[in-house]
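All you need for this note's numbering is the position in the sequence shown, starting with 1, plus 2.
Below is one structure, written out as structure tokens; the observations come after it.
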Amino acid sequence: METLFTILYSGLLIGIFVSAPMGPIGMLVIQRTLNKGRRPAFFTGVGAALSDLTYSLLTGLGLSFVTDFIMANEILLQILGSLVLIAFAFYLFRKNPTLELKKPENTPNSFWKDFVTGFLFTFANPLILFFIIGLFARFNFILPEFRYYHYIVGYAAIFAGALLWWWLITFFVNKVRSHFNMRSLWIFNRIIATILTIMALYGLYNGLTHYLALYQSA
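Listed below in structure tokens is the structure:
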């Protein structure tokens, strides 16, 4: 019983920590909370949580070929991911928030779209696998004495921890949503787009720098 409690506790913390870094998906959830409301933003977080769970399962199952592929193509993945992020930032920078408010709210189709974009946006960053490996090691998530039911509880807890994080984020951001008018949303969109661009340019710079270093040393 104590072991189940331990892996439940560890899984919840891993789920929270893997979601907590305010990267592109966090910015997207905040932007959608302010523009579209809490539910679409939360479904975006659900998609991100499922992506995190997928990478956690890959880590736990010991799929070494996935890790080897990522390590072998880390620079290329970083460059491609940065370019995709720049394209999304450009789209967000030009986006008019008033168009979102004219759309029907809380329709199943929009929820499905939010879920899928959240999943793909997070899954497009496979480097998170290394962060998960570090968290697994930190919390001793994989031990020889663990049985299959321990891992069922553990992975369910990871998913629950990630959902809890996105529930809290959308809850708090939604509380201040009423303080944003159309101009505020427009400015906020551009601020988020600028932050995403800076993140992407930094990743692109690192990727190209490492690529050139390897090319010169070859």
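Beta carbons are placed, not taken as given, at the ideal position from N, Cα and C, and that holds for glycine.
Residue environment, residue i, which counts as buried when at least 16 other CB atoms sit within 10 Å
i	result
P23	exposed
S219	exposed
I171	buried
N142	exposed
L78	exposed
R149	exposed
A159	buried
Reference residue i, options the options, closest by Cα
i	options	result
P42	F95, L55, K115	K115
N140	T5, L6, F19	First, the amino acid is wrong: residue 140 is Arg here, not Asn. R140 has its Cα closest to that of F19, out of T5, L6, F19.
A1	A195, S21, G13	For residue 1 there is no data in the structure shown, the boundaries of the chain being 3 and 220.
Q33	I189, G209, Y217	I189
I81	L10, A126, W169, I144	A126
Alpha carbon of residue i to alpha carbon of residue j, nearest angstrom
i	j	result
H212	L131	20 Å
L214	L122	29 Å
T124	Y57	10 Å
S21	R179	22 Å
M29	F138	25 Å
F133	V155	21 Å
S12	L6	10 Å
Y207	E147	44 Å
G17	F117	18 Å
- Message: Check whether the segment 48–62 and the segment 163–170 are in contact - that is, three or more C-beta pairs closer than 8 Å.
- Response: In short, these stretches touch, since the Cβ pair count reaches three.
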